[in-house]
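So the structure is just underneath, and the comments pick up after that.
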Amino acid sequence: MADDLIFYTNPMSRGRMVRWMLEEVGAPYETRILSYGADMKSAEFLTVNPMGKVPAIVHGGAVVTEVAAICAYLAETFPDAGLEARSAKERASYYRWMFFAAGPLEAAVTNRVLGVVVPDEKRGFVGYGSYQSVLDALEGAVSASSFIAGDRFTAADVYVGSHLSWGLQFGSIERREGFEAYVERVKARPALHRATEIDDALLASTKG
């Protein structure tokens with residue numbers, strides 16, 4: 001039943017990453033579109049996510065927020081989709097780079113967009129060190145194999161691939177050959193095309 005899996009989102013949000021993951025999983029789900037402001041800060045939605053932001057999912061009464069967590073949860077909950085890590089070697093890279101994107105990459109890119117410059121002597125305090133060192137590490141990871149955890153597409157590629165795709169599109173991540181080749185591989189997924197069409201149509205309807 002679709003109401004067993006409820007997806008809270010907005011087509012102009014990181015909910016697009018979760019939409020992609022949901023389309024990869026193939027399980028039926030109900031979409032609830034929330035507008036910025038009143039909807040996301042409503043008392044009803046704050047019981048789902050006290051942060052008052054999307055995306056979020058509710059599955060059988062269990063709430064999951066944060067995109068990386070949602071992707072990992074869906075991969076494990078719907079194993080028939082084949083998107084979870086299977087071997088110890090896959091799990092090592094799967095979790096390593098998914099959380100790298102959620103932590104160091106997110107922080108480094110955000111600070112760069114905001115114009116925050118960390119002095120050399122303070123790099124130890126920010127965890128990620130520097131924007132360049134983060135990109136160097138990630139470039140090595142996406143260039144080592146076809147996908148982030150090896151030669152097989154997993155949920156980690158939904159998350160890491162989305163970050164890199166958006167970063168290249170909007171200029172917050174510098175163009176590198178390894179990034180562009182990796183993004184082209186993940187963008188070939190039919191589920192991504194379906195998810196993009198759904199969210200683009202929703203976005204057009206809200207503007208109309």
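With the UniProt record's numbering, letter number 165 in the sequence shown gets 165, and the count goes up by one each step, no holes.
A virtual CB, placed ideally from N, CA and C, is assigned to each residue, including glycine.
Exposed or buried, which one is residue i when buried takes at least 16 other CB atoms within 10 Å?
i: Val-142; result: buried
i: Glu-197; result: exposed
i: Gly-167; result: buried
i: His-193; result: exposed
i: Tyr-36; result: exposed
i: Ser-133; result: exposed
i: Ser-42; result: exposed
i: Met-51; result: exposed
Less than 8 Å between the C-beta atoms of residue i and residue j, yes or no?
i: Glu-139; j: Phe-179; result: yes
i: Asp-199; j: Pro-28; result: no
i: Ala-101; j: Val-160; result: yes
i: Val-54; j: Thr-110; result: no
i: Leu-135; j: Glu-174; result: yes
i: Ala-195; j: Glu-23; result: yes
i: Ser-162; j: Lys-187; result: no
Quick check: the Cα distance between residue i and residue j, rounded to an integer number of angstroms?
i: Arg-19; j: Cys-71; result: 10 Å
i: Ala-56; j: Val-25; result: 16 Å
i: Thr-206; j: Ala-88; result: 45 Å
i: Arg-16; j: Val-158; result: 10 Å
i: Ala-92; j: Glu-30; result: 33 Å
i: Leu-202; j: Pro-119; result: 43 Å
i: Leu-74; j: Thr-154; result: 11 Å
i: Ile-33; j: Met-40; result: 10 Å
i: Ser-145; j: Ala-38; result: 44 Å
i: Glu-106; j: Ser-172; result: 11 Å
Would DSSP call residue i helix, strand or coil?
i: Glu-66; result: coil
i: residue 289; result: Any property of residue 289 remains undetermined from this structure, which presents the chain solely from 1 to 208.
i: Met-51; result: coil
i: Leu-164; result: helix
i: Ala-171; result: The sequence shown places Gly at residue 171, rather than the Ala named in the question. If DSSP states are grouped into helix, strand and coil, Gly-171 belongs with coil.
i: Arg-32; result: strand
i: Met-1; result: Unreliable positioning characterises Met-1 in this predicted model, as indicated by a pLDDT of 45, which lies under 50. The coordinate reading is nonetheless provided below. Note: Met-1 maps to coil in three-state DSSP.
i: Phe-7; result: strand
i: Ile-57; result: strand
i: Gly-115; result: coil
i: Phe-147; result: strand
i: Ser-93; result: helix
i: Arg-185; result: helix
i: Tyr-73; result: helix
i: Asp-39; result: coil
Pair every Cβ in the segment 112 to 126 with every Cβ in the segment 53 to 70, then say whether three or more of these pairs are closer than 8 Å. no
Any contact of the segment 123 to 133 with the segment 79 to 90, i.e. 3+ C-beta pairs under 8 Å? Output reads no: the segment 79 to 90 does not touch the segment 123 to 133.
Check whether the segment 145 to 158 and the segment 88 to 101 are in contact - that is, three or more C-beta pairs closer than 8 Å. Counting Cβ pairs under 8 Å, three or more are found: they touch.
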